[in-house]
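What follows is one structure encoded as structure tokens, with my remarks underneath.
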Amino acid sequence: MNFVLNNKKLQITFLIFASLLIFLGRQLDNGIQNFDDAYYAQKAKEILESGSLWFITYSDIPAFDNPPLPFWIMALSYSFFGVSTYSAIFSSALFGTGIILITYRFSLLLYKDCWVAFTAAFVLLFPGLFVDASRRSMVDIPLAFFVVLAFYAFLKSRDLKPWYLVYGLATACAILTKSVLGLFPLTIVGAFLLFSRQWREFINPWFVSGCMIALLLGFSWHFINWQHYGQEFLEAHFGYLIVGRNFGETKPFYYLGYAKDFYKNYWPWLPITLIGLFQFAKRGIREKDKVALFLFLWPVLTFLVMSTGKNQVIRYLFMMFPALAIINAKTISEWLGPDKKNKALAIMVGLIATTILFVNVTSFRVKVSLDQQSKEVREIAPIIKLNTSINQRIGNYRLSPYNPRLTMLFYANRLIELGITSDSDRLITVMSSNPEKLWLTSIWEFRKLIAKYPDKLYLIHANKKFAFFTSMDNRINIRYDFSTQPPLYINDQQELRQDFGNFNNKDHDVPVQECQGAIEKFDSFITTWEKDPVKVSPSIWVVLPPVNYYPHTKFPEEQFRSFVTACGIGRGLEKGGKTHNLQCSNQLISFKESVETLMDVAAFIPHEYPPSHGIWVQ
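Just so we're aligned: 1020 in the numbering used here is position 504 of the sequence shown, and the numbers increase by one with no gaps anywhere.
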């Protein structure tokens, strides 16, 4: 078995498929996070819609903060799979898999040891920081991919100089991914050549060509936007986003931010990393080991340079994680004998396989990328999109400026206003002057509003988190989509009653007469709810299978309880399990579930309002 596990081709195949299954597993219904994830996904969507590759926009406004390469690739994914959460994260999963593969090949190139190579890939996967980022629509994983590819090409150029062209192209892609952060392959390689006294390499034509490719192609987007927008672009991109946000006044000891992040998150590898860095520094500086020097300079220089900025997020350092993984793998390899290595290899394979099963088979939710994201936004987005035009803004009543603004734009293609209306009286004034305006707020704030202004507001749709509403005067313009399940009209209910009248009670544990009486109560229930309807229109029916009810009156709870008791619905196993054999129960159990759902909705509405009140239509 150990011989099989140490096979290079098998390890590479296993790592590729394992990475894809871990990064892409359970992604169809998770959703994307608000803020960065939704922000980047929306930019790619606008590239696809506009066809503009070089001039990036967000909500049709020029955006100067991010170069376009990750969004080009994301837009390409949209063109194949359609605009969706899955398409948004697909490219990150591929780049994450690419990083795993290159890290494996990188280790193999340096040490010719499959165990070190596989362990380096394992360290990269665990703990879950890297996995989580590879399951999100962020730009840090693409940056890390191009950086590690550039360094791999640089080391390959020791034997074959044309690899410098790949080095330059990968560096250009890194710059086109995250601007000046993509310059790290140039700075670290330059520092390595200086420290290792390889002066002649600076004038090597292949190296010079690679550097020229990196700079000319890498800053092509910057040049094009500078030509188009002029000083405005330079001030926004370099002046504010790079210099202004990262340097200047900040808290004391801010430069220790990344050290704190590693202390909190990089376990169990942190002690091994520190020991390994010390050993690699000693070998590289004292013993003139060029490989050790390079692997030492890569993470240390990255860490030191990034620590000078005040905007410190650990995912910005993913570009040095492959180096740390190789250092950990090599250090552990030197501590273990052959037998322990074989056991460790089997354990690593088992842990990766367990992770694959955990992600793809179980239903456990783990923060962040294995948890439901923006669920309530995704639920309410279709209703918002149906009732608004493309350029129509949604009013913001006591929501934060950016949450759920970013995800709502991605899922509904509609913007929530940045300006917040915080005063309820001000809200009513605005609604009086513009009754057709639509608003979004939290469900808790809407409950306060409806209690204070019961005759002013019309609830269009609500869920556990948000309420989408307008003025009562605008209710006639509200639309709902019943294309998936057309509502029944009142006249269609007669056939339904006949179906219920034909039910038989095959199990004589419950008398036929009692069950028939329950059906009669059900008929009375329908009649009560159909009596004197306010308006017969599909647009305001509540669709609850198997029957569509028109909720204009208070639900008769006691009548329903009598009906349930008579028919045997809800009985436990103390009756010998015969509840499950009753045709009455089998036929009407879906009705019970539907009415319970209706009761949950009705519980939201204050019962003191009369049946004729317009609020019951909601």
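Glycine is no exception: its CB is placed at the ideal position from the N, C-alpha and C atoms.
Just the C-alpha distance for residue i and residue j, rounded to the nearest angstrom, thanks.
{"i": "Trp462", "j": "Ile657", "result": "Nothing about residue 462 can be read from this structure; the chain reaches only from 517 to 1134."}
{"i": "Leu681", "j": "Phe670", "result": "9 Å"}
{"i": "Phe735", "j": "Thr601", "result": "30 Å"}
{"i": "Thr1148", "j": "Leu793", "result": "In the structure as shown, the chain starts at 517 and stops at 1134, and residue 1148 therefore has no counterpart that could be examined."}
{"i": "Ile1121", "j": "Leu915", "result": "At Ile1121 the pLDDT is 40, less than 50, meaning the model places this residue with poor confidence; the figure from the coordinates comes in the next sentence. Ile1121 and Leu915: Cα-Cα distance of roughly 22 Å."}
{"i": "Ala1138", "j": "Tyr770", "result": "No answer is possible for residue 1138: it lies beyond the span of the chain, which begins at 517 and ends at 1134."}
{"i": "Leu505", "j": "Ala797", "result": "No information on residue 505 is available, as it lies outside the stretch 517 to 1134 that the chain covers here."}
{"i": "Leu564", "j": "Ser595", "result": "7 Å"}
{"i": "Phe982", "j": "Gln527", "result": "48 Å"}
{"i": "Leu757", "j": "Tyr774", "result": "20 Å"}
{"i": "Lys572", "j": "Leu813", "result": "Reading off the sequence, residue 572 comes out as Ile, not Lys. Roughly 35 Å separates the two Cα atoms."}
{"i": "Trp960", "j": "Ala967", "result": "11 Å"}
{"i": "Pro1002", "j": "Ala978", "result": "Note that Pro1002 has pLDDT 36, beneath the 50 cutoff, so the model's placement of it is unreliable and the number below is only indicative. Cα to Cα, Pro1002 sits roughly 21 Å from Ala978."}
{"i": "Ala534", "j": "Leu641", "result": "10 Å"}
{"i": "Ser725", "j": "Gly684", "result": "8 Å"}
{"i": "Leu817", "j": "Tyr779", "result": "18 Å"}
{"i": "Glu1142", "j": "Lys672", "result": "This structure cannot speak to residue 1142, because the chain is shown only from 517 to 1134."}
{"i": "Pro917", "j": "Glu933", "result": "8 Å"}
{"i": "Leu536", "j": "Pro815", "result": "26 Å"}
{"i": "Thr687", "j": "Ile740", "result": "19 Å"}
{"i": "Leu676", "j": "Arg802", "result": "28 Å"}
{"i": "Asn1064", "j": "Glu751", "result": "Residue placement at Asn1064 cannot be trusted, given a pLDDT of 39 that sits under 50; the coordinates are not used to answer."}
{"i": "Asn720", "j": "Met728", "result": "12 Å"}
{"i": "Asn993", "j": "Tyr974", "result": "11 Å"}
{"i": "Asp576", "j": "Lys901", "result": "18 Å"}
{"i": "Val664", "j": "Ala633", "result": "15 Å"}
{"i": "Phe962", "j": "Gly935", "result": "18 Å"}
{"i": "Pro678", "j": "Thr847", "result": "32 Å"}
{"i": "Ile615", "j": "Ala730", "result": "20 Å"}
Going by DSSP, which residues form a beta bridge with residue i?
{"i": "Ala978", "result": "Ala983"}
{"i": "Ser593", "result": "Bridge partners of Ser593: none, in fact."}
{"i": "Leu956", "result": "Asn912, Phe984"}
{"i": "Thr573", "result": "Pro578"}
Pick helix, strand or coil for residue i, following the three-state DSSP scheme.
{"i": "Ile932", "result": "strand"}
{"i": "Pro584", "result": "coil"}
{"i": "Ser940", "result": "helix"}
{"i": "Pro917", "result": "coil"}
{"i": "Tyr745", "result": "helix"}
{"i": "Pro578", "result": "strand"}
{"i": "Gly547", "result": "coil"}
{"i": "Thr703", "result": "helix"}
{"i": "Thr904", "result": "coil"}
{"i": "Leu671", "result": "helix"}
{"i": "Leu685", "result": "helix"}
{"i": "Ser535", "result": "helix"}
{"i": "Leu973", "result": "strand"}
{"i": "Leu676", "result": "coil"}
{"i": "Tyr996", "result": "coil"}
{"i": "Asn523", "result": "coil"}
{"i": "Gln558", "result": "helix"}
{"i": "Phe735", "result": "coil"}
{"i": "Lys968", "result": "helix"}
{"i": "Gly567", "result": "coil"}
{"i": "Asn713", "result": "A small fix is needed here, since residue 713 is Arg in this sequence, not Asn. In this structure, Arg713 counts as coil in the three-state DSSP scheme."}
{"i": "Val599", "result": "coil"}
{"i": "Asp552", "result": "helix"}
For a test of your reading of the model: does the CB of residue i fall under 7 Å from any non-hydrogen atom of the ligand NAP? Yes or no.
{"i": "Val632", "result": "No copy of the ligand NAP appears in this structure; indeed no ligand is present at all."}
How about residue i: is its C-beta nearer than 8 Å to some C-beta of chain D?
{"i": "Lys806", "result": "Among the chains of the structure shown, chain D does not appear; only one protein chain is present."}
Subject >> the segment 633-644 in contact with the segment 862-872 per 3-pair CB rule at 8 Å >> reply: Touching, per the Cβ criterion.
Original post:
What alpha helix (DSSP H) runs, 4 residues minimum, are completely inside the segment 825-898?
Top reply: As far as the segment 825-898 is concerned, its whole alpha helix (DSSP H) runs of at least 4 residues are 837-851, 854-876.
Original post:
Is it a yes or a no for the segment 739-759 touching the segment 573-591, going by three-plus beta-carbon pairs under 8 Å?
Top reply: In short, these stretches touch, since the Cβ pair count reaches three.
Subject >> Cβ pair count under 8 Å reaching 3, the segment 646-666 against the segment 547-555 >> reply: Judged by Cβ distances under 8 Å, the segment 646-666 makes contact with the segment 547-555, as three or more pairs qualify.
Original post:
So, do the segment 697-716 and the segment 799-810 have three or more beta carbon pairs nearer to each other than 8 Å?
Top reply: Between the segment 697-716 and the segment 799-810, the count of Cβ pairs shorter than 8 Å is three or higher; the stretches touch.
Original post:
Between the segment 898-916 and the segment 943-958, do at least 3 Cβ pairs fall closer than 8 Å?
Top reply: With contact defined as three or more Cβ pairs closer than 8 Å, the segment 898-916 and the segment 943-958 are in contact.
**OP:** Would you check if there are 3 or more beta carbon pairs closer than 8 Å linking the segment 872-888 to the segment 531-542?
**Re:** In short, these stretches touch, since the Cβ pair count reaches three.
Original post:
Pairing CB atoms from the segment 888-897 with CB atoms from the segment 556-563, are three or more of them under 8 Å?
Top reply: A contact is defined here as three or more CB-CB pairs under 8 Å, and the segment 888-897 fails this definition with respect to the segment 556-563.
Original post:
Do the segment 584-594 and the segment 767-782 meet, that is, are 3 or more Cβ pairs less than 8 Å apart?
Top reply: Between the segment 584-594 and the segment 767-782, the count of Cβ pairs shorter than 8 Å is below three; the stretches do not touch.
**OP:** Assess, as a yes-or-no matter, whether the segment 918-925 is touched by the segment 940-955 under the definition of 3 or more beta carbon pairs within less than 8 Å.
**Re:** At 8 Å Cβ cutoff, the stretches do not touch.
**OP:** Could you tell me which uninterrupted alpha helix (DSSP H) segments, each at least 4 residues in length, are contained entirely in the segment 606-656, listed from first to last along the chain?
**Re:** The segment 606-656 is shown to contain whole alpha helix (DSSP H) runs of 4 or more residues at 630-641, 645-650, in chain order.
**OP:** At 4 residues or longer, and completely inside the segment 750-797: list those alpha helix (DSSP H) runs for me, N to C.
**Re:** Within the segment 750-797, the alpha helix (DSSP H) runs of at least 4 residues that lie entirely inside it are, in chain order, 773-781.
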